[in-house]
Amino acid sequence: MEDQLKTEQAILKNKVKINWLDLLKVIAVFMVIVAHANDCIILNQDGNFNFEWGTYIGSLYRFSVPLFVLISGVLLLPTKLNTIEFYKKRLWRILPALLFWGVAYVIFDGLVLNAKSWDKMWLDIVRLPLSFGDASPHLWYLYMLVGLYLIIPIISPWVAKATKRELELVLAIFIFSTFIPYLKFLTGLAFGVCDWNEFHSFYYLSGFIGYLLMGHYLYTYLPTWSSLVKRCTGVVLFLTGYGITYYLTISVPFSIPNIEMVWYYCSPNVFLEAVGVFLMIEGLELKNGVFTSVIQAIAKYSFGIFLIHYFFIGVIFRYLAAKFDLHPGLNVLVSCSITLMVAFGTVWLLTRIKWMRKLLL
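Printed below as a string of structure tokens:
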């Protein structure tokens, strides 16, 4: 009983100081930009193909999307809203932005980048309710987020009542499920998966729902850990995950499916990276100052930055590659920093327009 009281007091204290989540948002959105800059290396769009550096960087940023979902687990689980209220609040934020920016990217790609016919662009627009297109591959995240928002009010009553042990049991099943793609790769078998059934035994406790629950678990039960233990554990987990990701990337027979399997967001190695970064930052107290103000400002517009950065990153990266003889790694760092600033400024300007706020914030 005394231990439970201490845990609850630590949780209450931690809820007051939550600006470390802003730092996590900034890290996550910057690494998403890094991911799309690295595509220019992997896909040889910079005229200076360097698979070695593409692998170094590609193994690094995979935690970005899981980190966003861990943050959502902190902020949204368990929700106190009923199902209809939650859907109205959350889906209304996502769906208009998905469709609006999906159309914007189709038009930008068709008129500016690749000179597509209006018939082809119209076909891409019509398909948007079903899936993202080549013009905006990063919008896949919003389709996935819709699925998480649909399930959150359903699992919230259980999350609110679940004990620590019960959460750990479900999370153990989720962690085991992250090994299934590798198991299938090695054996061709995966707990009932076959040509007519894609739903393996652990399907319903796998995927990004596991990161949601993990975010809630880490936020609820880790405030009792000392800062030193959390930071050291986080560093070890991240470096282990990164090392495994890099090693497997250069070890598996080269093919896009094999690389994607290693870089899969719900793989055990990427899981280690994401949880490691979370632990390194969780509970960190940021003192008021210029750095904190910058972090809070970027975090405020992080959703908008995510949505529009893809307009800029490829153009900026290729321009720097064409005009300057930059090392691929340095090009990624410079182009991503410029893109972050340009996207931030663009979002800030667009949100001065009242109706645009709902599409960016």
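Offset between the sequence shown (1-based) and the numbering used here: plus 18. Even for Gly, the Cβ is constructed at its ideal location relative to N, Cα and C.
Residue-level contact to chain C via CB, residue i, 9 angstroms cutoff
{"i": "Met232", "result": "Looking for chain C here will not work: only one protein chain is present."}
Beta-carbon proximity check, residue i vs residue j, cutoff 9 angstroms
{"i": "Tyr74", "j": "Gly347", "result": "yes"}
{"i": "Ile334", "j": "Thr310", "result": "no"}
{"i": "Phe192", "j": "Met232", "result": "yes"}
{"i": "Leu94", "j": "Leu230", "result": "yes"}
{"i": "Leu378", "j": "Tyr319", "result": "yes"}
{"i": "Leu109", "j": "Val124", "result": "no"}
{"i": "Val177", "j": "Leu185", "result": "yes"}
{"i": "Leu304", "j": "Ile316", "result": "no"}
{"i": "Ile170", "j": "Thr97", "result": "yes"}
{"i": "Ser77", "j": "Thr196", "result": "no"}
{"i": "Glu383", "j": "Arg80", "result": "Absent from the structure is residue 383, since the part of the chain shown begins at 19 and ends at 379."}
{"i": "Gly128", "j": "Ser154", "result": "no"}
{"i": "Ile165", "j": "Phe104", "result": "Just to set this straight, residue 165 is Gly in the shown sequence, not Ile. Going by C-beta atoms, Gly165 is not nearer than 9 angstroms to Phe104."}
{"i": "Tyr328", "j": "His156", "result": "yes"}
{"i": "Tyr221", "j": "Val92", "result": "no"}
{"i": "Gly228", "j": "Leu255", "result": "no"}
{"i": "Phe362", "j": "Met279", "result": "no"}
{"i": "Thr101", "j": "Ile172", "result": "yes"}
{"i": "Ile59", "j": "Val247", "result": "no"}
{"i": "Phe296", "j": "Leu42", "result": "yes"}
{"i": "Lys182", "j": "Tyr239", "result": "yes"}
{"i": "Lys107", "j": "Leu117", "result": "no"}
{"i": "Gly151", "j": "Asp137", "result": "no"}
{"i": "Trp71", "j": "His345", "result": "yes"}
Presumed contact (8 angstroms Cβ cut-off) between residue i and residue j, rounded CB distance
{"i": "Ile274", "j": "His54", "result": "Actually they are not in contact, since the Cβ atoms of Ile274 and His54 sit about 16 angstroms apart, beyond 8 angstroms."}
{"i": "Met374", "j": "Leu368", "result": "5 angstroms"}
When the Cβ atoms of the segment 316-329 are set against those of the segment 257-264, are three or more pairs found closer than 8 angstroms?
Contact between the segment 316-329 and the segment 257-264 is absent, because fewer than three Cβ pairs lie under 8 angstroms.
Does the structure place the segment 33-53 close enough to the segment 71-91 that three or more beta carbon pairs sit under 8 angstroms?
Between the segment 71-91 and the segment 33-53 there are three or more C-beta pairs closer than 8 angstroms, enough to call the two in contact.
Any contact of the segment 152-170 with the segment 99-114, i.e. 3+ C-beta pairs under 8 angstroms?
Taking 8 angstroms as the limit for Cβ pairs, the verdict is that the segment 99-114 does touch the segment 152-170.
Completely contained alpha helix (DSSP H) runs for the segment 159-244, where each covers 4 or more residues:
Entirely contained in the segment 159-244, the alpha helix (DSSP H) runs reaching 4 residues are, in chain order, 182-195, 198-205, 226-239.
Jot down the residue ranges of each uninterrupted alpha helix (DSSP H) in the segment 292-329, minimum 4 residues, whole runs only, in chain order.
Within the segment 292-329, the complete alpha helix (DSSP H) runs of at least 4 residues are 308-318, 320-326.
Which complete beta strand (DSSP E) runs does the segment 55-136 hold, if anything under 3 residues is left out?
Along the segment 55-136, the beta strand (DSSP E) does not occur as any fully enclosed run of 3 or more residues.
Does the segment 269-287 come into contact with the segment 205-219, if we say contact requires no fewer than three beta-carbon pairs (one atom in each stretch) closer than 8 angstroms?
No: the two stretches stay apart, fewer than three of their Cβ pairs being nearer than 8 angstroms.
How do the segment 231-251 and the segment 300-309 stand: do at least 3 beta-carbon pairs fall below 8 angstroms, yes or no?
Result yes; three or more Cβ-Cβ pairs closer than 8 angstroms.
What residue ranges within the segment 344-373 form continuous alpha helix (DSSP H) runs of no fewer than 4 residues, ordered along the chain?
Counting only runs of 4 or more, we get 346-368.
I'd like the ranges of any beta strand (DSSP E) spanning at least 3 consecutive residues and lying wholly in the segment 249-278.
You should have found no qualifying run.
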